[in-house]
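From first to last, the protein sequence lines are chains A and B. Each residue of the first sequence is one higher than the one before, counting from 1285 in the working numbering. Each residue of the second sequence is one higher than the one before, counting from 58 in the working numbering. Note that beta-carbon positions come from the ideal geometry of N, C-alpha and C, so glycine has one too. I have placed the structure first, in the form of structure tokens, so that the comments after it can refer back to it.
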Amino acid sequence: MLRLLLRRAAHGVLIVWLVATATFFLLHVAPGDPIAASLDSPLTPPAVRAHYRHIYGLDQPLSAQYGRWLVMMARGDFGFSFPHRRPVSAVIASALPNTLLLMGVALVLAFAAGIALGLIQARNRGRPLDWGLGLGSLFFYSMPDFWLALMLLFLFAFVWRIFPVTGMFDPVMYPYYGFWQRLGDRLWHLVLPACTLALLSAAAIARFQRAALLDVAGEDFVLTARAKGVSERRVLMHHVLRNALLPVITIFGLALPVLLGGSVFVEKVFSWPGMGLLTVEAIGTRDYPLLCAAVVITSVLVIAGSFIADALYAVVDPRVRLE
Amino acid sequence: MRTPFVATSLLPLLAAIACQHGDSPRSKGVEYGGTMVISVGGDADALFPPITVNPTSFEVDGLIFENLARPGATLDPIGDQGWTGELADSWKWGRDSLTIGFHIDSAARWHDGVPVRASDVKFTFDLYKNSKVGSFVAPLLANIDSVSTPDSSNAVFWFKKRYPGEFYDAAYQMRILPRHALAGADLAQLQSSPFARHPIGSGPYRFVNWVPRQTIELQADTSYHRGRPRLERLIWTIAPEYSASLVRMLSGDADFLEFVNPADIPRVAKTPNVKLVPYPSMAYGYLLFNERDPNDQSKPNALFADRSLRRALTMAIDRRRVAKSVFDSLGTVAYGPYTRALPYFDSTVAELPFSPDSARRVLDALGWHPGPDGVRVKNGMPLRFSMLVPTSSAVRMQTAVMLQAMFHEVGVKADIETADFVTVRQRNDSRQFQTVIEAMQSDGNPSSILQNWGIDAAKAKDGGNAGSYENPQFDALVDSAVAQFDPARAKAYYFRAHSMLNEDAPAIWLWEPSTVAAVQKRIHPVDMRADEWFANISQWYIPSAERIPRDQIRLAEAQR
Chain A
1285 MLRLLLRRAA
1295 HGVLIVWLVA
1305 TATFFLLHVA
1315 PGDPIAASLD
1325 SPLTPPAVRA
1335 HYRHIYGLDQ
1345 PLSAQYGRWL
1355 VMMARGDFGF
1365 SFPHRRPVSA
1375 VIASALPNTL
1385 LLMGVALVLA
1395 FAAGIALGLI
1405 QARNRGRPLD
1415 WGLGLGSLFF
1425 YSMPDFWLAL
1435 MLLFLFAFVW
1445 RIFPVTGMFD
1455 PVMYPYYGFW
1465 QRLGDRLWHL
1475 VLPACTLALL
1485 SAAAIARFQR
1495 AALLDVAGED
1505 FVLTARAKGV
1515 SERRVLMHHV
1525 LRNALLPVIT
1535 IFGLALPVLL
1545 GGSVFVEKVF
1555 SWPGMGLLTV
1565 EAIGTRDYPL
1575 LCAAVVITSV
1585 LVIAGSFIAD
1595 ALYAVVDPRV
1605 RLE
Chain B
58 MRTPFVATSL
68 LPLLAAIACQ
78 HGDSPRSKGV
88 EYGGTMVISV
98 GGDADALFPP
108 ITVNPTSFEV
118 DGLIFENLAR
128 PGATLDPIGD
138 QGWTGELADS
148 WKWGRDSLTI
158 GFHIDSAARW
168 HDGVPVRASD
178 VKFTFDLYKN
188 SKVGSFVAPL
198 LANIDSVSTP
208 DSSNAVFWFK
218 KRYPGEFYDA
228 AYQMRILPRH
238 ALAGADLAQL
248 QSSPFARHPI
258 GSGPYRFVNW
268 VPRQTIELQA
278 DTSYHRGRPR
288 LERLIWTIAP
298 EYSASLVRML
308 SGDADFLEFV
318 NPADIPRVAK
328 TPNVKLVPYP
338 SMAYGYLLFN
348 ERDPNDQSKP
358 NALFADRSLR
368 RALTMAIDRR
378 RVAKSVFDSL
388 GTVAYGPYTR
398 ALPYFDSTVA
408 ELPFSPDSAR
418 RVLDALGWHP
428 GPDGVRVKNG
438 MPLRFSMLVP
448 TSSAVRMQTA
458 VMLQAMFHEV
468 GVKADIETAD
478 FVTVRQRNDS
488 RQFQTVIEAM
498 QSDGNPSSIL
508 QNWGIDAAKA
518 KDGGNAGSYE
528 NPQFDALVDS
538 AVAQFDPARA
548 KAYYFRAHSM
558 LNEDAPAIWL
568 WEPSTVAAVQ
578 KRIHPVDMRA
588 DEWFANISQW
598 YIPSAERIPR
608 DQIRLAEAQR
């Protein structure tokens, strides 16, 4: 087991280095730099741009910049974000919890709803309920996230005024709230963005889950269980569902990086200051250090996610052994 | 050709709305209190004026910090006519006009209670000028030699030479900073210092809180030396998506939206609690010709080095139709790099007419004759070029499509080349383009025109004159204008310089949009200035009868 972990870790470091290096060079060969992007007015004196390029080493050869960046990364220093005028670690530290909260809640909701819907559909196969839920899943599955976000915003925040329009908290009242009111306010602002993401993901998960459940339901061991007189509920929950969770676990593993990557469009529509929007804005401003840091973090998570999925396989399916 | 849906004419609608609500300052008892929520698209980067170029930072800084004096409504940069004191309550010119002494208002206090002193002014000047700080304002202070402080209340600016913009440079280029809070700080690190995220100023509003990418909150300084502002709280909320900002405005979650898209104006006008407030703009758009060869800048451009060709291309464009199609009645034709909001705007400047026939005749005379495919050719070379446009700007994309069709009418093939904003900027700086559709914000100081059209800016690497337009006569006219102390004579020189820009056609001057803000009706009187919409915000107020729940916050303190 230890040897496996070490081998996986070594592979992981290599992959992260390759991805980060490729990102570094691709970004630097793209036109522009963070100084030109941030000080974009033609009225900005060239000397000022040159001053900042010198301070951040952008006037050095690319190889020298790469070497310096590698040393900084090895020390755990992500560098300085010129567009934000703050260290990258501080910028990420302020965005990461927001994304974790949103995506974490959305993922839990999506998997809970997706598995439950898949189960209901499988149990009611061929009936109107199965047909109706399938149609509903397909409807949300095929919907662009920004469009659904805008529609929910329009209906629930503007027409019916049930939920707040945007942001993570009430900008006017929040400083005057007590702990419980603040918690309630945060949750209230979380409802629309989390539901948007959950609706989109739950639809896909439900479709996978239904198909997997129906596949497993026809297996011999299920028939045997039924023949032995095991209750239908126990057959479904203990024998069928457990075996039908494998494809969903794969989706879960792949979803982990998304947990930190965030969702650009949903974050933008609901003014949710998370990692997705931060990363896309960083592309627009050529914020090299921030982008490289985001890529490194995401690639670490992809590797971790794949490892966690493998581990969960082993837990769920005794035939799978990590060795 | 597709034009955006906009109501038949927006200006009468806006005028009617403005009259209906009769915004006039209350003459009765002054009322304090209330909260104004401002919805903006982007967060501030740092709240530190010497390095601030970010629009949100600029707005917030403008209320936390003060200049020594502020210009009148005409924004005239010559002399001190029409200016009123801000941090300074009076000033005195030296006999030779090489010095101006500012007397600091003895009632002025920093927000931590420390009195503002003349030494703060000297400290600020030295800080702005220090190369370690990297202030973009530093080059604009080149004519100021030094600042001395004969006593704690007087700061004297010493100029290297006598020139009409002395007062403007001394009084308005710098926002004064607190020496006691910044002395000893590492100048190279000021942009990321705690001060830049928790500033102490002397302006009408004091800093309260900044949650990155979410909100910035300011609170009225009740002891502000020029009279406490009437609105108690100002809260900037960040909404990167314009639609979300608009919904916030229409649902009443926000009180102020700086810019409403022309297509949304009819809808906003129908919203019961929201009023539309048009205000002058300093923005203008143009198609810039590169007069140097993009591949070898030592050589002239094979097409656009020819003044006659540029003039012919200008005459091929129906600029009124372009402005009308893109902005409806909220856009007018630009007459040059200077907008109607500024004091040296010349409405009588001789423009090149829209005349496709004249354009064809000139092109024929220049030897550009139609080829088999209709595109003009000269010595085997087609009259074909690219127009660089940033994909992020729908307005410029729409403009490009219209220009392409109009050029086609006279046998010119213009290809639309799109790129992301930073790439366009980078190619602009490195002169790697044939033509580019630019949108620019005028500077209040008319002499800054040289930074975009002067010879020095053409020759400097990374300089602002990306089209490399070079005309010594134009530079001389602006230099003469800058040297005039008599505003009328300065104006005459500027007018001649603007006329030359129209005659030489280094660019096709396209449009000048009006800006329309959306504001909740309970906020009065909402008078906005072109250079700083928030310049008069201290006088805005919410009558007690019109207050909503969020205006009750801190009301007791406000009424104290």
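In the three-state reduction of the DSSP assignment, Pro172 (chain B) falls in the strand class, which pools E and B. Taken atom to atom, the span from the alpha-carbon of Tyr225 (chain B) to that of Pro134 (chain B) is near 6 Å. Near chain B, meaning a CB-to-CB distance below 8 Å, the residues of the segment 1309-1341 of chain A are Ala1314, Pro1315, Gly1316, Asp1317, Ala1320, Ala1321, Ser1322, Leu1323, Asp1324, Ser1325, Pro1326, Leu1327, Thr1328, Pro1329, Pro1330, Ala1331, Val1332, Arg1333, Ala1334, His1335, Tyr1336 and Ile1339. Each residue's CA atom was taken as its position, placing Trp1556 (chain A) and Leu1384 (chain A) some 12 Å apart.
With a cutoff of 8 Å on beta-carbon distance, Ser443 (chain B) and Thr492 (chain B) are scored as near each other. Below the 8 Å Cβ cutoff, chain A contributes Pro1315, Gly1316, Asp1317 and Ala1320 as neighbours of Gln483 (chain B), in chain order. Just so you know, the alpha carbons of Pro256 (chain B) and Ile594 (chain B) end up roughly 20 Å apart. Here Ile512 (chain B) has Glu527 and Asp532 as same chain residues with Cβ atoms under 6 Å from its own Cβ, once five neighbours each way along the sequence are excluded. Here Glu527 (chain B) carries a coil assignment [DSSP, helix/strand/coil].
The C-beta separation of Arg367 (chain B) from Phe346 (chain B) comes to about 6 Å, placing the pair in contact by the 8 Å criterion.
By the neighbour-count criterion, in which a residue is buried when 16 or more other Cβ atoms sit within 10 angstroms of its Cβ, Ile1446 (chain A) is exposed. Contact between Pro357 (chain B) and Arg488 (chain B) does not hold, since the beta-carbon distance rounds to 12 Å and is not under 8 Å. The DSSP-derived three-state label of Glu408 (chain B) is coil.
With respect to the 8 Å criterion, Ile108 (chain B) and Ser188 (chain B) are not classified as neighbours on the basis of their beta carbons. Only Ser487, Gln489, Glu495, Met497, Gln498, Asp500, Ser505, Gln508, Asn509, Ala514, Ala517, Lys518, Asp519, Gly520 and Gly521 from the segment 487-521 of chain B bring a Cβ to less than 9 Å from some Cβ of chain A. Assigned with DSSP and collapsed to three states, Ile374 (chain B) falls in coil, not helix or strand.
Excluding residues up to 5 positions away in sequence, Asn111, Pro112, Thr113, Ile295 and Pro297 lie with their Cβ nearer than 8 Å to the Cβ of Gly99 (chain B) in the same chain. Around the beta-carbon of Gln1465 (chain A), fewer than 16 other beta-carbon atoms lie within 10 Å, marking it exposed.
Here the alpha carbon of Leu1497 (chain A) sits roughly 44 Å from the alpha carbon of Gln271 (chain B). A straight-line Cα-Cα distance of about 34 Å links Leu344 (chain B) and Leu1574 (chain A).
Boundaries of the beta strand (DSSP E) around His160 (chain B): Thr156 to Ile161.
Counting C-beta pairs closer than 8 Å gives fewer than three between the segment 304-318 of chain B and the segment 117-136 of chain B, which falls short of the contact rule. Those residues of the segment 1432-1462 of chain A placed with their C-beta closer than 8 Å to a C-beta in chain B are Leu1434, Leu1437, Phe1438, Ala1441, Phe1442, Arg1445, Pro1448, Val1449, Thr1450, Gly1451, Met1452, Phe1453, Pro1455, Val1456, Met1457, Pro1459 and Tyr1460, ordered along the chain.
Taking C-beta atoms under 8 Å as the contact rule, Ser355 (chain B) and Ser571 (chain B) fail to qualify, at a distance of about 42 Å. Per the coordinates, the alpha-carbon of Arg166 (chain B) lies some 12 Å from the alpha-carbon of Ile233 (chain B). Cα atoms of Met1521 (chain A) and Asp477 (chain B): separation of roughly 52 Å, rounded to the nearest angstrom. Excluding sequence positions up to five before and after Glu274 (chain B), its CB lies within less than 6 Å of the CB of Val265, Asn266 and Ile292, all in the same chain and listed in chain order. With a threshold of 8 Å between beta carbons, Val383 (chain B) makes no contact with chain A. In the same chain as Val1506 (chain A), and ignoring 5 residues on each side of it, the C-beta atoms closer than 7 Å to its own belong to Val1500, Val1519, His1523 and Val1524, in chain order. Put simply, of B:Arg546, B:Phe490, B:Leu567 and B:Arg441 the residue whose alpha carbon is nearest the alpha carbon of Phe384 (chain B) is B:Leu567. For the segment 177-194 of chain B, the residues whose beta carbon sits under 8 Å from a beta carbon of chain A are, in order, Ser188, Gly191, Ser192 and Phe193. Interface annotation for the segment 273-307 of chain B against chain A: Glu274, Arg290, Ile292, Trp293, Thr294, Ile295, Ala296, Pro297, Glu298, Ser300, Ala301, Ser302, Val304, Arg305 and Leu307, criterion Cβ-Cβ distance under 9 Å.
Comparing alpha-carbon positions, the option among A:Arg1291, A:Phe1492, A:Leu1289 and A:Val1300 lying closest to Ser1583 (chain A) turns out to be A:Val1300.
Taking 8 Å as the cut-off, the Cβ atoms of Pro1455 (chain A) and Leu1386 (chain A) do not count as close. For Asn266 (chain B), the enclosing beta strand (DSSP E) covers residues Tyr262 to Val268. Cβ-Cβ distances below 7 Å link Gly119 (chain B) to Glu589 and Phe591 in the same chain, with the five nearest sequence neighbours on each side left out; the list follows chain order.
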